[in-house]
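Chemist: Before I ask anything, here is the structure I am working with.
Protein chains: 2
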Amino acid sequence: MDQDTTLAFSAHDHAACRAATLARAEEVARARNLRLTPVRRRTLEILLEAHKALGAYEVLDRLVEDGFARQPPVAYRALDFLVENGLAHRIRRLNAFAACLHPGEPHMPAFLICDRCHTLAEAPGTAVAEAMHQAAGAVGFAIDRMSIEATGLCPACQEAAG
Amino acid sequence: MDQDTTLAFSAHDHAACRAATLARAEEVARARNLRLTPVRRRTLEILLEAHKALGAYEVLDRLVEDGFARQPPVAYRALDFLVENGLAHRIRRLNAFAACLHPGEPHMPAFLICDRCHTLAEAPGTAVAEAMHQAAGAVGFAIDRMSIEATGLCPACQEAAG
DNA sequence: AATGAATATGTTATGTAATAACAAGTCAAG
DNA sequence: CTTGACTTGTTATTACATAACATATTCATT
Numbered sequence: 000m001d002q003d004t005t006l007a008f009s010a011h012d013h014a015a016c017r018a019a020t021l022a023r024a025e026e027v028a029r030a031r032n033l034r035l036t037p038v039r040r041r042t043l044e045i046l047l048e049a050h051k052a053l054g055a056y057e058v059l060d061r062l063v064e065d066g067f068a069r070q071p072p073v074a075y076r077a078l079d080f081l082v083e084n085g086l087a088h089r090i091r092r093l094n095a096f097a098a099c100l101h102p103g104e105p106h107m108p109a110f111l112i113c114d115r116c117h118t119l120a121e122a123p124g125t126a127v128a129e130a131m132h133q134a135a136g137a138v139g140f141a142i143d144r145m146s147i148e149a150t151g152l153c154p155a156c157q158e159a160a161g
Numbered sequence: 000m001d002q003d004t005t006l007a008f009s010a011h012d013h014a015a016c017r018a019a020t021l022a023r024a025e026e027v028a029r030a031r032n033l034r035l036t037p038v039r040r041r042t043l044e045i046l047l048e049a050h051k052a053l054g055a056y057e058v059l060d061r062l063v064e065d066g067f068a069r070q071p072p073v074a075y076r077a078l079d080f081l082v083e084n085g086l087a088h089r090i091r092r093l094n095a096f097a098a099c100l101h102p103g104e105p106h107m108p109a110f111l112i113c114d115r116c117h118t119l120a121e122a123p124g125t126a127v128a129e130a131m132h133q134a135a136g137a138v139g140f141a142i143d144r145m146s147i148e149a150t151g152l153c154p155a156c157q158e159a160a161g
């Protein structure tokens with residue numbers, strides 16, 4: 000298991016973590032000629048600061064604090080842009096969004112959502128994705144995108160819940 | 000690959016298919032002492048007739064035709080009951096519901112959603128689920144439930160689009 | 001049969017998530 | 001310096017989901 004995944008369930012330096020991820024995201028944007036405009040950049044920062052999944056309207060609330068208009072499209076457009084470009088992920092079970100922790104690296108995240116503390120971990124889903132492609136291939140289905148999400152209890156909450 | 004999955008993407012006798020599935024669902028309900036009341040039974044029939052994923056309000060529209068009140072809880076309660084008891088599935092990517100095609104048989108469905116014709120197939124996701132449990136176990140996460148969904152093109156639509 | 005606990009339904013209202021549509025502004029390439 | 005692509009501002013609407021509480025039904029137990 001890689002380090003980042005483990006980190007999601009442990010205490011760590013959020014500030015350093017998010018600064019590094021943001022820096023990597025900016026590199027990716029530059030390399031691909033993406034326009035990381037103020038709203039978009041701020042939206043990504045917000046997701047990184049939260050370090051968990053945020054609903055579009057929660058993001059919007061924070062954008063408002065930064066002077067942007069309180070209008071759903073403001074948040075949705077920025078979030079959609081980030082998701083389209085692999086800088087954020089959409090968590091369907093939560094109707095929420097989270098910053099991608101591995102921008103640039105092609106990866107198929109499998110999300111682990113704690114029912115109790117709502118921490119979100121991005122586990123490496125390569126094996127999962129492979130099994131999925133196999134199952135789909137067997138019936139001739141050509142996969143474009145997939146969402147692989149699980150709910151349950153993170154290590155800490157398992158202890159707490161006994 | 001099992002037969003049912005293949006069937007989802009081919010022409011077949013919908014009427015016979017849904018009658019058989021409904022019969023199996025009724026057996027399951029009897030065996031487990033579930034109360035398959037009129038709304039619930041009718042809701043299941045509606046899902047089976049559609050043979051694709053339906054939004055809660057689409058289900059509600061059809062329930063209204065059968066004399067039930069046009070109130071969201073009517074549809075949601077019936078749908079939630081069916082999902083809770085494994086007689087239907089919730090497709091998160093679509094905010095929609097579909098009848099389970101294998102009621103009673105424990106299974107982990109992997110959903111394949113065609114972007115073009117919106118057909119939904121329930122592929123056997125055992126291998127996928129296993130890979131998932133492995134990935135989760137490695138970080139100490141205890142999975143309760145998971146959703147495995149993919150969008151893409153079904154065989155027929157690949158040809159049409161190709 | 002009476003009764004009480006659990007379950008299911010009827011109903012009103014509200015909360016939450018997401019998008020349509022169009023006008024106006026920005027920016028880089030020709 | 002203008003054209004075309006992209007981005008943003010703004011209004012309004014649509015879609016999805018649940019809270020809360022009253023009523024009724026069911027079923028096991030007296």
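Quick mapping for you: the protein sequence lines, in order, are chains U and Y.
Going by numbering that gives the first Met the number 0, the letters in the first sequence line up with residues 0 to 161, in that order.
Going by numbering that gives the first Met the number 0, the letters in the second sequence line up with residues 0 to 161, in that order.
C-beta: ideal position from N, C-alpha, C; glycine also.
In the DSSP output, which residue or residues are listed as bridge partners for Y/L111?
Modeler: Per DSSP, Y/A120 and Y/A149.
Chemist: State yes or no: is the C-beta of U/A134 nearer than 7 Å to some heavy atom of the ligand COA?
Modeler: Here there are no bound small molecules, and the ligand COA is not part of this structure.
Chemist: Within this structure, are the beta carbons of Y/T42 and Y/L93 separated by less than 8 Å?
Modeler: No, the pair does not count as a contact, with Cβ atoms beyond the cut-off.
Chemist: Against Y/A22, what residues of chain U qualify as contacts under a CB-to-CB distance less than 9 Å, listed in chain order?
Modeler: Chain U residues near Y/A22: none, gap ~25 Å exceeds 9 Å.
Chemist: Check each candidate in U/A109, U/T20 and U/A122 and name the one with the smallest Cα separation from U/S146.
Modeler: When each option's Cα is compared against that of U/S146, the closest is U/A109.
Chemist: Contact criterion: CB-CB distance below 8 Å. Does U/T5 meet it with respect to chain Y?
Modeler: Legend: pLDDT at U/T5 = 49, less than 50; position of this residue unreliable, value from coordinates given subsequently. Chain Y contact via Cβ: present.
Chemist: Interface residues of chain Y around U/E148 at Cβ under 7 Å?
Modeler: Correct list: M145 and S146.
Chemist: Does DSSP put U/F80 in a helix, in a strand, or in coil?
Modeler: Helix, per DSSP.
Chemist: Nearest CA to the CA of U/L53: which residue from U/R31, U/N84, U/H13 and U/H88?
Modeler: Nearest C-alpha to U/L53: U/H88.
Chemist: Could you name the residues of chain U that Y/G124 contacts, counting a contact when the two beta carbons are closer than 9 Å?
Modeler: The contacting residues are A130, M131 and A134.
Chemist: Chain Y partners of U/A109, CB-CB under 7 Å?
Modeler: Ordered by position in chain Y, the residues that pass the 7 Å Cβ test against U/A109 are M131 and A134.
Chemist: Looking at U/G151 and Y/D143, is the spacing between their C-beta atoms short of 8 Å?
Modeler: In contact: Y/D143 and U/G151 (Cβ atoms closer than 8 Å).
Chemist: Classify Y/R69 as helix, strand or coil using the three-state DSSP reduction.
Modeler: In the structure shown, Y/R69 sits in coil (DSSP, three-state: anything other than H, G, I, E or B).
Chemist: Comparing C-alpha positions only, which one of U/R115, U/D114, U/A122 and U/F96 sits nearest to U/M107?
Modeler: It is U/A122.
Chemist: How would you list, in chain order, the residues of chain U whose beta-carbon sits under 7 Å from the beta-carbon of Y/C153?
Modeler: Here the neighbours are F140.
Chemist: With a 10 Å radius around its C-beta and 16 neighbouring C-beta atoms as the bar for buried, classify Y/E148 as buried or exposed.
Modeler: With 16 or more other Cβ atoms within 10 Å, it is buried.
Chemist: At what residues does the alpha helix (DSSP H) containing Y/H132 begin and finish?
Modeler: Per DSSP, Y/H132 belongs to the alpha helix (DSSP H) from T125 to A137.
Chemist: With the cut-off set at 8 Å, would you say Y/P102 and Y/L78 are in Cβ contact?
Modeler: Against a cut-off of 8 Å, the Cβ pair of Y/L78 and Y/P102 comes out as no contact.
Chemist: If we cut at 8 Å on Cβ distances, does Y/Q157 have a partner in chain U?
Modeler: Yes, its Cβ sits closer than 8 Å to a Cβ of chain U.
Chemist: Check the Cβ of Y/A95 against every Cβ in chain U and list those closer than 8 Å, keeping chain order.
Modeler: The contacting residues do not exist; Y/A95 stays about 12 Å from chain U at best.
Chemist: Flag U/V127 as yes if its beta-carbon sits less than 8 Å from any beta-carbon of chain Y, otherwise no.
Modeler: Taking Cβ atoms only, chain Y reaches closer than 8 Å to U/V127, which makes this a yes.
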